[in-house]
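Heads up, the sequence shown is in the working numbering, so the first residue is 5 and it goes up one at a time.
Taking it in order: structure first as structure tokens, then the write-up.
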Amino acid sequence: MLTIIILDLDACNVGASASRKEFVLFLNLYTKLLSSAIETLAGVALNLPEYSAFYRRVISPSGRQKQRKVSRLLPPELNTKLNELLKADQEIEMLPGSALFCRKIDFETINGFDKYNLLLRRRLGYAHNAVMEHIGEVSLLFVESLEEFKFYHFMK
5 MLTIIILDLD
15 ACNVGASASR
25 KEFVLFLNLY
35 TKLLSSAIET
45 LAGVALNLPE
55 YSAFYRRVIS
65 PSGRQKQRKV
75 SRLLPPELNT
85 KLNELLKADQ
95 EIEMLPGSAL
105 FCRKIDFETI
115 NGFDKYNLLL
125 RRRLGYAHNA
135 VMEHIGEVSL
145 LFVESLEEFK
155 FYHFMK
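Following this line, the structure appears as structure tokens:
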């Protein structure tokens, strides 16, 4: 039912194309799956076929629920919304990439993706009871070329 791919900026498309499963989970090295997270994500995905990819609840090693990222490329009202804690399964506007769970068919429909293209083309969902731990308190370092790429697509 699922292929797990540990994220590497150049390996995502290659790894996912090798999968023969219905879903693909792109997982960063600093993200730890907690009990039943995969089963919960798969269950939510099966119940919500209109969504292409899903976000999960993220906690810090201390157990505190982490907020979604804000972006200087987004309007202030959307960043305010991104700062609200999610408390139930729902549609969302964007997905952080530390653990990206998606339908393989949607991945193939857009001929592969970098983790930002999918959010521009498909509906996204949040699965509150799928919990993963984000190891450490920050994401990867700022990468200027990636910010330029995101800016280009946000401006389209």
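Cβ coordinates follow ideal geometry from the N, Cα and C atoms, glycine included.
The model shown is predicted, which means the values in this text are computed figures rather than measured ones.
For this session: In the DSSP assignment, find the alpha helix (DSSP H) that holds L104 and state where it starts and stops.
Result: Along the sequence shown, read from residue 1 onward, the residue named residue 104 stands at position 100. Careful: L104 lies outside any alpha helix (DSSP H), inside the beta strand (DSSP E) at A103 to R107.
For this session: Could you tell me if N32 is buried or exposed, where buried requires 16 or more neighbouring beta carbons within 10 angstroms of its beta carbon?
Result: One-based indexing of the sequence shown puts residue 32 at position 28. N32 comes out buried.
Problem set entry | Reference S39, options F111, Y55 and I63, closest by Cα | In the sequence shown, the residue the question calls residue 39 occupies position 35. Cα-wise, what sits closest to S39 is I63.
Exercise. Rounded to the nearest angstrom, how far is the Cβ of L37 from that of L6, given a contact under 8 angstroms?
Worked result: Position 33 of the sequence shown, counted from the start, is the residue given in the question as residue 37. Position 2 of the sequence shown, counted from the start, is the residue given in the question as residue 6. 11 angstroms between Cβ atoms; not a contact.
Problem set entry | Neighbourhood of V142 by C-beta, 6 angstroms cutoff - its chain only, sequence neighbours within 5 removed | Within the sequence shown, numbered from 1, the residue matching residue 142 stands at position 138. Any reading at V142 is ruled out, since the residue's pLDDT is 49, under 50, leaving its predicted position unreliable.
Exercise. If we call anything under 8 angstroms between Cβ atoms a contact, is G129 one with I96?
Worked result: By 1-based counting over the sequence shown, the position of residue 129 is 125. By 1-based counting over the sequence shown, the position of residue 96 is 92. Contact: yes.
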